[in-house]
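Offset between the sequence shown (1-based) and the numbering used here: plus 6.
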Amino acid sequence: MKSYQEMSNDDLLALKAELEAQYKAFQGKGLKLDMSRGKPSAEQLDLSMGMMDVLNSSTNLKCEAGIDCRNYGVIDGIQEAKELLASMIEVPADKIIIFGNSSLNVMFDMVSHAMTHGVLGSTPWAKLDKVKFLCPVPGYDRHFKITEYFGIEMINIPMLPTGPDMDLIEKLAGEDDAIKGIWCVPKYSNPQGITYSDETVRRFARLKPAAKDFRIFWDNAYSVHHLYDDDQDVLIELVTECEKAGNPDLVYKFTSTSKISFPGSGVAAIAASDANLKEIREHMTVQTIGHDKLNELRHVRYFKNLNGITEHMKKHAASMRPKFEAVVDTFDKELSGLGIGEWIRPKGGYFISFDSMEGCAKAIVQKAKEAGVVMTPAGATYPYGKDPKDSNIRIAPSFPTTEELALATELFVLCVKLVSIDKILESR
Ligand code: PMP
């Protein structure tokens, strides 16, 4: 098979005419599909409906410590919820604090607190002339929005197949004490589905940042979100690694059950060193009289233990797997060898990342929209919404049905081909 670059202008024009006819046919179908946000489908939400039955008016609503969960009290989470979430993210239960319904909210608060009060006695970041964050790219748009909101300058760090470029991170963080943190989604990363290698995690644990108040924001959102039973990525546990490396305070590790139970109605948590947790508890006592213990109880009584979560996630995988495969199989079949795009086949998480030829992503997303398929805006996976190469597109396959997704992917591939042909012809 010839790549598009190897084809003559005449051949490309003939192909374009053919593809345009197919595109017009798609426009005639009046599609209304959304591949833009990583929301579970209704089918996935149905998997957790049993959770609605575990608490009712005759249930004993005391936690194991005998505390009435209907009332105020227990600021940092009931013990059994700590044990459940700690086992899920592989930390000891005394290294975790349970929060409310959203981990993103906790991340925002941690940055906000550092801005106004500093980190373990450091100068509040807002009092410094300049504060910077390292941002592995492509990455999660809502992370970048938090740092943008606080006026923190963001520096792109390229993602490699092993995780972010550690040479660059060690160099930049080691030299510049204005660099105060880094955003990481270390397992089944958003959007590429990459899991950081053992070596990458160990280099993070041994990092020697110039700023003492530098923190790794380790967003372990997809720790149990595998697609396959027999082919799963493994991530080394960073809180313990940091401790072993003599760097215990370096990391804040976040998690939540948003994409396990109900997004927006799950349970979030943070794991960190004793010193970090002590500081977090201090500001927490000002912020709230306690989080939703009934929801903590509901999650514990429903899932029971890590095994309960693992079995539940197999059901999610069964729903998600055909969708991921519908997209990636179509890419393999329709785009392999054409030299107009690259993609990764993820083994878990919520997204598929597609890299078009440089300068094509915005046009592809626009073209898909004009035929009724909404994608995440091109550029969203980069700080400030600016992809310097205009090439990355995040695909979220969970929400539509497999049939809808197959159709939307067919259209997407068509848009990639048409925009690439125009780009190549333009450059000749
Ligand atoms: N982190 C990542 C990497 C995500 O993709 C998402 C969105 N699903 C979140 C955090 C948001 O999590 P939460 O619902 O716990 O705020």
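Each residue gets a CB set at the ideal place from its N, CA and C atoms; glycine is no exception.
Residue burial classification, residue i (beta-carbon count within 10 angstroms, cutoff 16)
i              : result
arginine 76    : exposed
serine 433     : exposed
asparagine 15  : exposed
alanine 275    : buried
arginine 443   : Here the chain covers residues 7 to 434 and nothing more, so residue 443 does not appear.
alanine 377    : buried
alanine 278    : buried
serine 63      : exposed
glycine 347    : buried
valine 306     : buried
methionine 160 : buried
aspartate 393  : buried
alanine 402    : buried
methionine 381 : buried
glutamine 28   : exposed
glutamate 302  : buried
lysine 186     : buried
aspartate 239  : buried
methionine 55  : exposed
glycine 34     : exposed
glycine 36     : exposed
lysine 395     : exposed
methionine 58  : exposed
alanine 414    : buried
leucine 431    : exposed
valine 308     : Looking at the sequence provided, one finds tyrosine at residue 308 rather than valine. Buried: at least 16 other Cβ atoms inside 10 Å.
glutamate 285  : buried
Integer-rounded CB distance, given that residue j should sit under 8 Å from residue i
i                 : j                 : result
threonine 336     : glutamate 416     : 7 Å
isoleucine 200    : leucine 140       : Going by Cβ atoms, the distance from isoleucine 200 to leucine 140 rounds to 16 Å, so no, they are not a contact pair.
methionine 319    : serine 404        : Incorrect: roughly 13 Å between the Cβ atoms, too far for contact.
glycine 79        : phenylalanine 357 : Incorrect: roughly 39 Å between the Cβ atoms, too far for contact.
glycine 355       : asparagine 196    : 7 Å
isoleucine 399    : serine 342        : Not really, about 17 Å apart at Cβ, beyond 8 Å.
lysine 353        : leucine 178       : About 30 Å separates the two Cβ atoms, so there is no contact after all.
cysteine 143      : isoleucine 163    : Note that residue 143 is valine in the sequence shown, not cysteine. Yes, valine 143 and isoleucine 163 are in contact; Cβ-Cβ is about 7 Å, under 8 Å.
aspartate 219     : leucine 283       : About 16 Å separates the two Cβ atoms, so there is no contact after all.
leucine 241       : proline 192       : 6 Å
methionine 172    : threonine 206     : 6 Å
glutamate 70      : glutamine 85      : 6 Å
arginine 221      : tyrosine 258      : 5 Å
cysteine 421      : lysine 368        : The Cβ separation is near 11 Å, so there is no contact.
glutamate 26      : leucine 424       : 7 Å
asparagine 107    : glycine 296       : Going by Cβ atoms, the distance from asparagine 107 to glycine 296 rounds to 13 Å, so no, they are not a contact pair.
leucine 90        : leucine 300       : With a Cβ gap of about 15 Å, leucine 90 and leucine 300 do not count as contacting.
isoleucine 103    : aspartate 135     : About 32 Å separates the two Cβ atoms, so there is no contact after all.
phenylalanine 418 : valine 379        : 7 Å
beta-carbon residue i near the ligand PMP non-hydrogen atom, thresh 8 Å
i              : result
aspartate 298  : no
proline 269    : yes
valine 257     : no
tyrosine 356   : yes
serine 262     : yes
valine 230     : no
asparagine 77  : no
glycine 148    : The question names glycine, but residue 148 is arginine in the sequence shown. Arginine 148: yes, Cβ under 8 Å from the ligand PMP.
aspartate 225  : yes
leucine 90     : no
glycine 272    : yes
serine 109     : yes
glycine 44     : yes
lysine 265     : yes
valine 419     : no
valine 191     : yes
asparagine 301 : no
asparagine 196 : yes
Cutoff 9 Å: residue i Cβ touching any chain D Cβ
i             : result
isoleucine 84 : Included in the structure is just one protein chain, with no chain D present.
Any non-hydrogen atom of the ligand MG within 8 Å of residue i CB
i          : result
lysine 151 : Summarising the ligand content, the structure contains the ligand PMP and does not contain the ligand MG.
At least three beta-carbon pairs within less than 8 Å, the segment 248-266 to the segment 212-229: Two segments are said to touch when three or more pairs of C-beta atoms, one from each, lie closer than 8 Å; by this definition the segment 248-266 touches the segment 212-229.
Given 8 Å, three or more beta-carbon pairs between the segment 140-153 and the segment 386-402: Result yes; three or more Cβ-Cβ pairs closer than 8 Å.
At least 3 beta-carbon pairs within less than 8 Å: the segment 261-274 vs the segment 225-244: Output reads yes: the segment 225-244 touches the segment 261-274.
Cβ contact (3+ pairs, closer than 8 Å) linking the segment 285-300 and the segment 101-119: Contact check between the segment 285-300 and the segment 101-119: three or more CB pairs, one atom from each, fall below 8 Å, which counts as touching.
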